[in-house]
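Data block below; observations after.
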Amino acid sequence: METRTFDNVASLAYFAPELGLIAAVLLLVVWDLASPARLKIAGLVVISLAALAWSGGMGAYFLAKDAGPHELFHGLLAFDRFSNLFRVIFAFVTGAIVLFSVPPRGPGVAPELRRDQGEFFTLILVLSLGMNLMAASRHLLLIYLSLELVSVMSFVLAGFKINDARSSEGALKYVIFGGVASGIMLYGMSWIFGITASMHLGECAARIAALTAQQGKVPEVVFVGTACMLAGFGYKISAAPFHMWTPDVYEGAPTPVTAFLSVGPKAAGFAVLVRFFSDALGAGSASPAVATPWPVLAGCLAMATMTIGNLSALGQENVKRMLAYSSIAHAGYMLLGFSVFSDAGVAAIAFYIVTYCFMNLGAFMVVMAVAEQSGGDETLSAFRGLGRRAPLVAAAMVVFLVSLTGLPPTAGFVGKFYLFSALLTAGGAWRWVLAIVGVVNSVISLFYYARVLRAMYLEKGERTEPVAVRPLLGATTCALAVPTLLLGVYWGPVYDFVASSLSMLR
Amino acid sequence: MATYIPLFLLFLVAAIIALAMFTLTSLLGPRNPTPEKMMPYECGSDSTGGRFVKPSVKFYLTAILFVVFDIEAVLIYPWTVQFRSLGWTGLATMSSFVAMLAVVLVYVWKKGALEWEK
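Below, the structure written as C-alpha cells:
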C-alpha cells in the first residue's frame, strides 16, 4: 500500500485520539477549578476514563478498518498499525492507572491523599498523550519532544508526595539522570542529522543505506550517533547501564505512579526504539547486504540489563524496590526479542508488553492494597500471613508473581516463550548464548519472587486480622489476574492480533 | 583542512590576548587592599547582610509564567504578518491556540499563582 503524506489540516482526522486527550486535559483543568468539592474526584475520573476510552477506541477502530499507513503533519508522525496498536495498549494501561489512583474515602484517610488530584489526573493524561506521540514519531525532532513530554510529566509525578523526602530524592535523581540522558541522545541525533542531512526517519534510512552500500559497512558516524541515542532510549526503558534512577524513583513515587512508570513509558520507550531501528537504520531487513553491529550491541544491552536487574533484586526487603529491579530485568528480556531485528522479534516484544501490562500492574496494585492497610509498610513483613488475612488478593499476587517468573500456565510464560522462540529461530551461536543467559536469569528471578510467596503463605505475621481491601482495588486486581491466567492457556487470538498489527512495519 | 588554519590562528590569537591581559595585570598592577575595597559593591552604600541571598521560589514561578506568555507573543507575531495569506485556517489555528492558553491563564489565576503575597 502506498504511504500517503498529509498536510496539517488533513492530518487532524487521523489525529483524533490525541485531540480527544488534549481536550480532556483542558476539561480536567477547568473541572478542577469549577466543580463542587463533593463531585470533584468522581468527575476527574470520569473525564479521564472517557478520554482514554475515546483514544483507545479510535485506535482499535483504525486497526479494525486497517487504515494507513499514512504520514501525518508533513511526515512528523506515522499513522500505521504499529502506532494504533500502541494507542490501544497505552489507553488500557492509563485507564487501569486512573482506577488505581482513585484516593480512598472516609474519615480515617489522610487529607494529603486527596489533595491536588486535579493536577494528578491532568499529568497522567498528558503522559498518555506523550506516550501516544512517542509510538508514532517518525521524525528525530518529534522523538525528542515526545520523549521529553513523557519525561517531564514523570519527574513531576515521581515527586508528587510533596513532604516525603524519599519521593523528592527520587524525583531529583530522575531529573538529573533524565537531563544527562536526553543531552547525550540529542548529541547522537546531531551525528545522525550531520551525516544524513535530514531528521525524517525515512530519509535518514535512504541516506544511511546508500552510505552503507558505498562503504561496505555501517559508517562509524551512524554507529556513534546510534550508540548515543541509545542512552536516551535505554533511560526510558531503564536498560543497564542507564537504570540507576529506577529503584529510587520507583520506591519513592506514589505506588500508582510507580506502576505507571514501570509499564507505560517503558512500553513507549520500546515502541520508539523499535521504530527508530527499523525505520531509520533499516535494521529489520531480512537479508542485510553487510553485517551490522546492531544485534551484538542490543544483545550486550539485554544481557547486562537482565543480569543486573535480577541480581540486584535478590536482596531487597522492600517489595516495591524489588519490583523496580524486576522491571529492569523484564526490560532485559524484551531487549532479547529486540536484538533479533525480525518481525517475529517485534511481535514477541509487543505481545510481551501486553502480558507484562497485566502482571506488573497487578503486582503493584497488590502492593498498594497491602501497604494501605498496614500503615504504608511496603516491606516483606507486611506480606507475612497474607494468605490467610486476604486470601483473594494473595491468590491474585501468586498469579502475578508466577507470571512474572515466566512459569506456565500464565501469560508471562507465553510471552517469554515467544521471545526465546524468536531468538532461536534466528539462530547462530550469539543468539544461543543470549538465550542461555536469559533462561539462567529467569531461574534467578524465581528466587526473589518466591520470597514473597513464602512470606504470604508460610510465615506468620505479627497481625492476624483480615485485611480490608477497598472494593475498587480488589475488583481491578481480579480484573488483571484473570487475563494473566487466561492468556497463559488461550493466547492465540491475542497473539495473532498483535503479530498481524506489526508484520508490515517498514 | 588547510582552509581552517586561519580560523585556528584567530582562536589562538584571541586566547593569547585574553590570557596575556589577565596575567600581566596580576603581575604588574599595584596592589593596595583596604577593608573598604574588599566589601561587596552595593552602589556605594554600606553593604548589609551576606552576599548569598536565596531567591524566593516565587521568582521562578513568575518567570516561567512570563516565558509561557512571551512565547505566545512570539508565535502570534508571524501570524499577524501573514494574516491575509493564511486566511481562515490560520485564524482557526491561532484561535484554538490562544483559547488553550486562556484556559491556562484562568487556571493559574484561580490557583493563586499570580498573588505575590499569600
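The listed protein sequences correspond, in order, to chains A and B.
Here our numbering runs 526 ahead of the position in the first sequence, where the first position is 1.
Here our numbering runs 857 ahead of the position in the second sequence, where the first position is 1.
Just so it is clear, CB atoms sit at the ideal spot from N, CA and C, and this is done for glycine as well.
Values in this document were obtained by computation on a predicted structure and should not be read as measured data.
Between the Cα of residue i and those of the options, spot the shortest distance and give me the residue it belongs to.
i: ILE933 of chain B; options: B:ALA871, B:LEU876 and B:SER953; result: B:SER953
i: ALA662 of chain A; options: A:VAL995, A:ALA723 and A:GLU544; result: A:GLU544
i: VAL925 of chain B; options: B:LYS967, B:LEU866, B:LYS968 and B:VAL961; result: B:VAL961
i: MET660 of chain A; options: A:ILE615, A:ALA937 and A:ILE567; result: A:ILE615
i: VAL892 of chain A; options: A:ALA731, A:THR738 and A:THR1003; result: A:THR1003
i: VAL572 of chain A; options: A:ASN967, A:GLU645, A:MET894 and A:GLY621; result: A:GLY621
i: ALA707 of chain A; options: A:CYS754, A:VAL924 and A:ILE734; result: A:CYS754
i: VAL822 of chain A; options: A:VAL798, A:LEU918, A:ARG957 and A:GLY913; result: A:ARG957
i: PHE686 of chain A; options: A:GLY835, A:PHE647, A:SER672 and A:GLU746; result: A:PHE647
i: SER968 of chain A; options: A:GLU777, A:VAL928 and A:GLY987; result: A:VAL928
i: ALA797 of chain A; options: A:LEU673, A:ILE718 and A:THR784; result: A:LEU673
i: ALA502 of chain A; options: A:THR722, A:ALA895 and A:ALA539; result: Outside the displayed span of chain A (527 to 1032) sits residue 502 of chain A, for which this structure offers no information.
i: ILE605 of chain A; options: A:LEU554, A:ALA617, A:ALA542 and A:LEU649; result: The question names Ile, but residue 605 of chain A is Phe in the sequence shown. It is A:ALA542 whose Cα lies nearest to the Cα of PHE605 of chain A.
i: LEU1028 of chain A; options: A:GLY656, A:GLY913, A:ALA870 and A:ALA981; result: A:ALA870
i: ALA560 of chain A; options: B:LEU971, B:TYR964, B:GLY969 and B:TRP973; result: B:TYR964
i: ALA757 of chain A; options: A:PHE703, A:ASN886, A:ALA806 and A:ARG977; result: A:PHE703
i: GLY696 of chain A; options: A:LEU727, A:MET848, A:GLU777 and A:ASP592; result: A:GLU777
i: ASP903 of chain B; options: B:SER913, B:PRO892 and B:PHE909; result: B:PRO892
i: ARG564 of chain A; options: A:GLN643, A:LYS591 and A:SER716; result: A:GLN643
i: ALA922 of chain A; options: A:MET848, A:ALA806 and A:ALA1005; result: A:ALA1005
i: ARG847 of chain A; options: A:LYS743, A:ALA779 and A:ALA806; result: A:ALA779
i: GLY1014 of chain A; options: A:TYR944, A:LEU727 and A:ASP774; result: A:TYR944
Counting only Cβ pairs nearer than 7 Å, list the residues of chain A close to residue i.
i: TYR964 of chain B; result: VAL555 and LEU559
i: MET957 of chain B; result: LEU552
i: LYS967 of chain B; result: LEU559
So residue i packs on residue j, CB below 8 Å; how close in whole Å?
i: THR931 of chain A; j: TYR859 of chain A; result: At roughly 11 Å, the Cβ-Cβ gap does not stay under 8 Å, so THR931 of chain A and TYR859 of chain A are not in contact.
i: LEU651 of chain A; j: ALA550 of chain A; result: 6 Å
i: GLY714 of chain A; j: THR752 of chain A; result: 7 Å
i: ASN844 of chain A; j: THR781 of chain A; result: The pair is not a contact, with the Cβ atoms about 12 Å apart (cut-off 8 Å).
i: PHE786 of chain A; j: ILE623 of chain A; result: 5 Å
i: VAL925 of chain A; j: ALA1007 of chain A; result: 5 Å
i: GLY964 of chain A; j: LEU837 of chain A; result: Not confirmed; about 14 Å, so no contact.
i: GLY790 of chain A; j: LEU653 of chain A; result: 7 Å
i: PHE884 of chain A; j: PRO997 of chain A; result: Between PRO997 of chain A and PHE884 of chain A the Cβ distance is about 20 Å, and since that is not below 8 Å, they are no contact.
i: ALA948 of chain A; j: ALA876 of chain A; result: Wrong, their Cβ atoms sit about 11 Å apart, outside the cutoff.
i: PHE890 of chain A; j: THR772 of chain A; result: Rounded, the Cβ-Cβ distance is 14 Å, inconsistent with contact.
i: ILE879 of chain A; j: ALA793 of chain A; result: 5 Å
i: GLU929 of chain B; j: LEU958 of chain B; result: 6 Å
i: VAL748 of chain A; j: ILE721 of chain A; result: 6 Å
i: ALA504 of chain A; j: ILE763 of chain A; result: Here chain A covers residues 527 to 1032 and nothing more, so residue 504 of chain A does not appear.
i: VAL866 of chain A; j: ALA766 of chain A; result: Actually they do not touch by this definition, with Cβ atoms about 19 Å apart.
i: ASN610 of chain A; j: GLY585 of chain A; result: 5 Å
Could you tell me which chain B residues have their CB closer than 7 Å to the CB of residue i, listed as they occur along the chain?
i: VAL535 of chain A; result: THR946
What does residue i reach in chain A if we use C-beta pairs closer than 8 Å?
i: VAL960 of chain B; result: LEU552, VAL555 and VAL556
*Using a Cβ-Cβ cut-off of less than 7 Å, list which residues of the region 549 to 568 of chain A approach chain B; keep chain order.*
Of all residues in the region 549 to 568 of chain A, LEU552, VAL555, VAL556 and LEU559 have a Cβ within less than 7 Å of some Cβ in chain B.
_Runs of beta strand (DSSP E) lying entirely within the region 550 to 632 of chain A, each at least 3 residues, in chain order_ = Listed in chain order, the complete beta strand (DSSP E) runs (minimum 3 residues) inside the region 550 to 632 of chain A are 596 to 598 and 603 to 605.
*asked:* Which runs of the beta strand (DSSP E) at least 3 residues long sit entirely within the region 791 to 828 of chain A? Give them in chain order.
replied: The region 791 to 828 of chain A is shown to contain no whole beta strand (DSSP E) run of 3 or more residues.
*Within the region 986 to 1021 of chain A, ranges of the alpha helix (DSSP H) (whole runs, at least 4 residues)*: Listed in chain order, the complete alpha helix (DSSP H) runs (minimum 4 residues) inside the region 986 to 1021 of chain A are 997 to 1015.
*Runs of alpha helix (DSSP H) wholly within the region 728 to 774 of chain A (minimum 4 residues, chain order)*: Within the region 728 to 774 of chain A, the complete alpha helix (DSSP H) runs of at least 4 residues fall at 746 to 762.
_In chain order, each beta strand (DSSP E) run of at least 3 residues that lies wholly inside the region 820 to 869 of chain A_ = The region 820 to 869 of chain A contains no whole beta strand (DSSP E) run of 3 or more residues.
*Within the region 628 to 695 of chain A, note down every full alpha helix (DSSP H) run reaching 4 residues or more, in order along the chain.*
Runs found: 643 to 662 and 666 to 684.
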